[in-house]
Structure formats: C-alpha cells, structure tokens
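Since the structure comes first, as structure tokens, the remarks are kept for the end.
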Amino acid sequence: MYTYPGEIKGLTASALTNIAEFEKQPLEQRFPIDTSYGLIRQAGSLYGTNVAIEQLITADRDEQPSSMSFSQFATRVTQTANLLVQLGIQRTDTVSILLPNLTENQIALWGSQAAGIANPINPFLQVEHIVEIMNAAKSKLLITLAPSHSTELGAKVNHVIEQVPTLESILIVRYQGASDLDKSVLGNSDVNLLDFEQAVEKQPGDALSCKPAIQGKDIALYFHTGGTTGRPKIAQLTHANVAYTAQIYAAYNQHHGRTAVLNPLPLFHVFGVIAASLGGFVQARTVVLMTPDGFRNPNVVKNWWYFVERYRVSQFVTVPTILAALLEVPIANNDIGCLKYISCGSAPLSIALKKACEDKFNAIIYNGYGMTESTCLISRCIHGFDVPAETVGNRIPYTRVITAHIESNKLLKVCEPGEPGVILVKGPNIFKGYLNPQDDAKAWIDDQWFNTGDVGIFDDNGYLKITGRAKDLIIRGGHNIEPQVIETALVQHSAVSQAVAIGQPDAYAGEIPVAYVCLKGDQRTTESELLAFCKSHIAERAAVPKRLEIIDALPLTAVGKVFKPSLRNMATEYAIDSVLTESGIQTTVKAEFDPQRGQIITIRLSHPSDQAKVIDLLAGFPVIVQFNE
Numbered sequence: 133m134y135t136y137p138g139e140i141k142g143l144t145a146s147a148l149t150n151i152a153e154f155e156k157q158p159l160e161q162r163f164p165i166d167t168s169y170g171l172i173r174q175a176g177s178l179y180g181t182n183v184a185i186e187q188l189i190t191a192d193r194d195e196q197p198s199s200m201s202f203s204q205f206a207t208r209v210t211q212t213a214n215l216l217v218q219l220g221i222q223r224t225d226t227v228s229i230l231l232p233n234l235t236e237n238q239i240a241l242w243g244s245q246a247a248g249i250a251n252p253i254n255p256f257l258q259v260e261h262i263v264e265i266m267n268a269a270k271s272k273l274l275i276t277l278a279p280s281h282s283t284e285l286g287a288k289v290n291h292v293i294e295q296v297p298t299l300e301s302i303l304i305v306r307y308q309g310a311s312d313l314d315k316s317v318l319g320n321s322d323v324n325l326l327d328f329e330q331a332v333e334k335q336p337g338d339a340l341s342c343k344p345a346i347q348g349k350d351i352a353l354y355f356h357t358g359g360t361t362g363r364p365k366i367a368q369l370t371h372a373n374v375a376y377t378a379q380i381y382a383a384y385n386q387h388h389g390r391t392a393v394l395n396p397l398p399l400f401h402v403f404g405v406i407a408a409s410l411g412g413f414v415q416a417r418t419v420v421l422m423t424p425d426g427f428r429n430p431n432v433v434k435n436w437w438y439f440v441e442r443y444r445v446s447q448f449v450t451v452p453t454i455l456a457a458l459l460e461v462p463i464a465n466n467d468i469g470c471l472k473y474i475s476c477g478s479a480p481l482s483i484a485l486k487k488a489c490e491d492k493f494n495a496i497i498y499n500g501y502g503m504t505e506s507t508c509l510i511s512r513c514i515h516g517f518d519v520p521a522e523t524v525g526n527r528i529p530y531t532r533v534i535t536a537h538i539e540s541n542k543l544l545k546v547c548e549p550g551e552p553g554v555i556l557v558k559g560p561n562i563f564k565g566y567l568n569p570q571d572d573a574k575a576w577i578d579d580q581w582f583n584t585g586d587v588g589i590f591d592d593n594g595y596l597k598i599t600g601r602a603k604d605l606i607i608r609g610g611h612n613i614e615p616q617v618i619e620t621a622l623v624q625h626s627a628v629s630q631a632v633a634i635g636q637p638d639a640y641a642g643e644i645p646v647a648y649v650c651l652k653g654d655q656r657t658t659e660s661e662l663l664a665f666c667k668s669h670i671a672e673r674a675a676v677p678k679r680l681e682i683i684d685a686l687p688l689t690a691v692g693k694v695f696k697p698s699l700r701n702m703a704t705e706y707a708i709d710s711v712l713t714e715s716g717i718q719t720t721v722k723a724e725f726d727p728q729r730g731q732i733i734t735i736r737l738s739h740p741s742d743q744a745k746v747i748d749l750l751a752g753f754p755v756i757v758q759f760n761e
C-alpha cells in the first residue's frame, strides 16, 4: 500500500499536540505537489493499471460497471486538456460543465483545470441561474450531454447558446449508445459543436501542450454556492487550495487502507469533487460513481449495504440526511463487517442520529466541518482520539480557526474557550475570494479572516462545536434562538427521524419558532404530542415552537442539505394565509425570498376591494406585500 506523507495518527495524548507535531514540517516540504493535475499524473504513475474509476449506471445489484485505470485516467485528463488548448482555452478561460455523475465528468473536471478554469454547474438549476453563472464566469466552452439523454437539459443548453455571448464551443458527451450530434441545437449560432470522445481521442496524452506550466496560485475551479434561489455566488479555488486539501484529506484517512470510495455525491459540489474524488485518487482508491443521478436514484440508498459488502468498503463519506435514510434501510444478509468508519459533513449531525447509526452499522462516525470556500475542510476528527460527540473535531493542520465577536468587517474580540462567536478561518484551504467584488467585500474580517457565517464554541482541548448559523438565528422579540436547540430536543423523541426549526414571520414578535418534522418509517405520533415533548425538553421557554408540522420529507439541495428557504416560504405562506382567512378574506398566497429585498408575499385576491384591508392586516409583518390581479 502506498503511504501518503505524514499520516495523522493518534500517537500522542492530545489531538492538538498531534497537529502541532505534524506542522513542524513546512507545508511546501510535506506536500510539494501544488496542482490538481500534478496529483492526477502522480497517481497515474504510481498506481498504473489499478482501477481508478468504476461507473454504475443503474445501481442494480447485478450490474457490471465499466472501469478505467489510473494510467488511463491520467492519459485521458491530459488529452482533454490538450483538446481544450487546441480549441483556444488559455489559463484564465472558463470551461463550464453541465453533466451528471459520469466518468466523462471526472475527465472533464480535471482536464479543464489543467488547461484553464473548470466551472461545474448543477444541471438542475433554473436556466436563468445557469446563464447567470456562465456569463459571470465568461464561459468560453461548455461540456454537456447529448440532447437525447435529457430533453430538459437540452432545452437549457438552447438558452445558454442564445444568452451566453462568450461561448465559442460545445463538447457533447454521449453514453449508453447515444449516437446523435444534433447540430439543430445551435440554431443560427456559430458555436462550434464537437463530439467529446472523438475529439479527445485524437490528442496526445503523454504531456500537456499548454504554456506556461500550471502554478499553485492559478485558479483551478469556479464553484457556484447557493443558487437554488437567489443570485449564485462564484467561489474561486486555486490549484494550491485543491492540492493541499486533497492531500490533507488523504493523510487523515490513510489508516483505512486501499479501499473503494462509493461516490454518489454531485460533481458540481466541493464535497463530491475533493473528498469523494481527488482525495480518493491520491490514496490509490477506486472511486465508484454511484449512477449518473447519485442519491437521486432510489437504487443507491436501497442497495447501499449490498455495495458496501461488494466493494469491501471500510469508510464512506455522506451527509446527515442520507445517514437518516440509511438508518431505515435493512442491512439484511449483507456482510458489512468491513465498514469501520463513516465521515459525515455538509450539515450538523445530531448526537441522537450519530448514536443510532453507530449502534446499527457498528462503525465510528466522524463528523467534520467545511464548505466550498474552505475547499471542503476546516476541521476533522483524528483517528485514535475520543472526540466529544457534539463536536466536529479540531482544525486541520496549517490552518488557523478562531471564534470571535465581529462588527461589520472588523474583529472586535477573539473568544475564549466556552464562549460562542462567529467562526473565522485562514490558511491554505481558504479560497481566493468570490468572483464578484461585491460578494467578496463582505466575506473577509480585517482583510485576512474568512467569515464562515457560522457560530461555534471551542472547548479547552480545541474541539469545535457548531452551535448554529448566524443568519439562521430565530429572533423572537429581540430574543436570539438557536434552531439547533429545538432540533436537538425533537430528534430525541423515539418517533422522530429528522427535525428542522425556522423562524416564521409574526406581526408581534417579528419571528416565532416553528418546526418541521419527519417520522421514522414505522413510527406514529401527533403534532400536539411533539409540542408537549418540546415543552418538557427545551429549557428555554422562548425557544419552544409555537407550531409544529409533520411532513413526509424535508426539501433538500442537490447534495442532501436541508433547504431552509423552502421551509421558510412554507411557514410564511401559512402565517399570512391564517391571518387573512381569520378575517374572512379569500385569497391565494405565494411566498418567495429575494436576497436583495427579503421575504416577498404575492397575494391574489378573490375580491380586489379587500386590498386596503389586507395592507392593514399585514402591516406588522416583516415582509414585502405585492398583489397579483
């Protein structure tokens, strides 16, 4: 087994001491490779004919995957980069990628970084947001599916061609026998349309043709953040960011040995790209792409334990919502004794869910913390140490993480252990900034610390606990309520699988706490019973939800995070509709959040003469009211 430089082991009495020992060797000496392409080429050289990628299309139990070796993968990435250079891509040009989880996506992702800047985009975004991202990035080339694979995506590409003036070429990816290269998609455009596979095949794969050589300071990736509603922000990640984080991730996971990585996470998200892809390649692991649709394919969760046994998986990465779903999937006769660890991130993990999963799966769950702007990682648990269950571990090596009191963009005070504050970070994992200067100006404290927007507490041993999101605070009549207080209480109920608390607009208090709950598959309870449970389990009286709703499923983002704006819209519609109905006004109410204007309520009245009355009734609500006749 290839051992990556400086495995982080539990060798000393203190995890903090262990990190300090690790840092005695300068970063540049420990990890001299500072580009993603350098890591791909190294993996190709070291691991040769070993399998780098396996592709599942259906995730049926009897499916035989296609595969690609490390040397083949490195060659394909090089060929792709050389093709892009031939098509006019230079170091600062953008290649946008609109693809599902395919081997071709991996090739496009790393090949684009070797030639220019890769810009993976969520194909499920509204077309207006896709166009906005590509225009902001000044996309010169697009890599996407053949139209026959997805008429919906094909329609979006039509809009892109019409509305992105910088676009010069489109590379079409075909799989499962698709044969079309439909140039009618171009209309009257002079955009160049090429078959991805055929064009790549013609290129040399032994060395890059692009000049000058890639440097660590060069931008590797444009990741969009947010963007399900509102204006997406584009985060700029450098090659040094990507290379450092992949290698530090490898150091944390070296004790797992050479095993397969099941990757159902989207390749437009930093978690799927860094932790579940490049981090695996660096360690000679086979990355198994769990169908083009990832977790959206029901077979993936349904057959998860079968694939854990089939690939003898010792560790996998996931998010809390998927853990909750896996808890409901019978292990049956699948032998998952190979599974030792689960790395969980992307959202807070409740103690109750952690314990339930550890007990059922007989595996240790390590919770971590990170985001797009930190290239996936800020803190991790170190193997071999007893980590407090409610924490996300210690800071990763070569970084600095503090909690602080801030005002605007100024640091007022660094918090002591046990004192909550906004989490600020700097180090080799922190991105270069947002592409839009207006977004970037708000991101930094004292021009050096990245403001995560999260609130946390350090204990005396340097373990970090995330207590909430600054912008997720429920402010009830001036009283700040952490949603986690409510959520932690609710998931202790034996019938509750997941719980999310948000602020519902209120004319008197500004906001009141409400909760949305999903039940375990075989459990039954009532909303009134759960509210009574909250009253007896939440010490802070103001934090007890005023309303609770049991729903079948929580709205999720593409990476499995709970999408709170959707719940806020639901709560807002409920609040406004209740007030108007009580006053005998017949109407339909639609809530939508605008990042510039705030919460907007659109009202369609059965009787337009009621408009003045509605304005009076809603005058105290912290919303913008507009009428649709």
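In our numbering, the protein residues as written are 133 to 761. The beta-carbon is built from N, C-alpha and C at its ideal position, and this holds for glycine as well.
No residue range can be given for residue 342, since it is assigned to no beta strand (DSSP E) and is classified by DSSP as neither H nor E. Bounds of the alpha helix (DSSP H) holding residue 218 are 202-218.
Inter-segment contact for the stretch 221-239 and the stretch 269-287 is present: three or more beta-carbon pairs are separated by less than 8 Å. For residue 489, the enclosing alpha helix (DSSP H) has its first and last residue at 483-493. Looking at 731, 632 and 533, the one whose alpha-carbon comes closest to that of residue 583 is 533.
DSSP places residue 187 in no alpha helix (DSSP H) but in the uninterrupted beta strand (DSSP E) bounded by 183-188. Secondary structure in the stretch 346-433: the beta strand (DSSP E) runs of 3 residues or longer, each lying completely within the stretch, are 351-357, 365-370, 393-395 and 419-422 in chain order. In this chain, the beta strand (DSSP E) harbouring residue 539 covers 532-539. The way I'd put it, the stretch 597-605 doesn't touch the stretch 533-545; fewer than three beta-carbon pairs between them come closer than 8 Å. In the structure shown, residue 666 adopts helical secondary structure according to DSSP, grouped into three states. Comparing alpha-carbon positions, the option among 277, 471, 293 and 414 lying closest to residue 172 turns out to be 414.
The shortest C-alpha to C-alpha distance from residue 366 to any of 289, 395, 254 and 299 is the one to 254. Less than 8 Å divides the Cβ of residue 622 from the Cβ of residue 662. Distance between residue 474 and residue 500, taken at the CA atoms: about 10 Å. Taking 8 Å as the cut-off, the beta carbon of residue 514 is found no closer than this to the beta carbon of residue 375.
Per DSSP, the unbroken alpha helix (DSSP H) holding residue 283 starts and ends at 283-295.
In the DSSP assignment, residue 177 falls outside any beta strand (DSSP E) and within the unbroken alpha helix (DSSP H) covering 168-179.
Sorting 371, 390, 192 and 250 by C-alpha distance to the C-alpha of residue 563 places 371 at the top. By the Cβ neighbour-count rule, residue 692 is buried, with 16 or more other Cβ atoms within 10 Å of its own. Remark: C-beta atoms of residue 183 and residue 201 approach each other more closely than 8 Å. At least 8 Å separates the beta-carbon of residue 632 from that of residue 614. It is roughly 23 Å from the alpha-carbon of residue 147 to the alpha-carbon of residue 586. For residue 271, DSSP records a beta bridge to 226.
The straight-line gap separating the alpha-carbon atoms of residue 258 and residue 219 is approximately 28 Å. When the five nearest sequence neighbours on each side are left out, the beta carbons in the same chain lying within less than 8 Å of the beta carbon of residue 696 are those of 604, 632 and 634, in order along the chain. Fewer than three beta-carbon pairs drawn from the stretch 708-724 and the stretch 674-683 are found closer than 8 Å, and the two stretches are therefore not classed as touching. Inter-residue distance for residue 506 and residue 561 is about 5 Å (C-alpha atoms, whole angstroms). The three-state secondary structure of residue 252, taken from DSSP, is strand.
For residue 643, the enclosing beta strand (DSSP E) covers residues 642-651.
DSSP places residue 452 inside the alpha helix (DSSP H), whose first and last residues are 452-459. Contact annotation, residue 624 with residue 599: C-beta distance approximately 17 Å; criterion of less than 8 Å not satisfied. Residue 396 sits away from residue 348, with the two beta carbons spaced by 8 Å or more. Partner residues in the beta bridge of residue 694, as assigned by DSSP, are 688. The continuous stretches of alpha helix (DSSP H) do not include residue 497, which lies in the beta strand (DSSP E) extending over residues 496-499.
Contact annotation: residue 392 and residue 432 have beta-carbon atoms that are not nearer than 8 Å. If you compare the alpha carbons of 307, 321 and 304 with that of residue 298, the shortest gap goes to 321.
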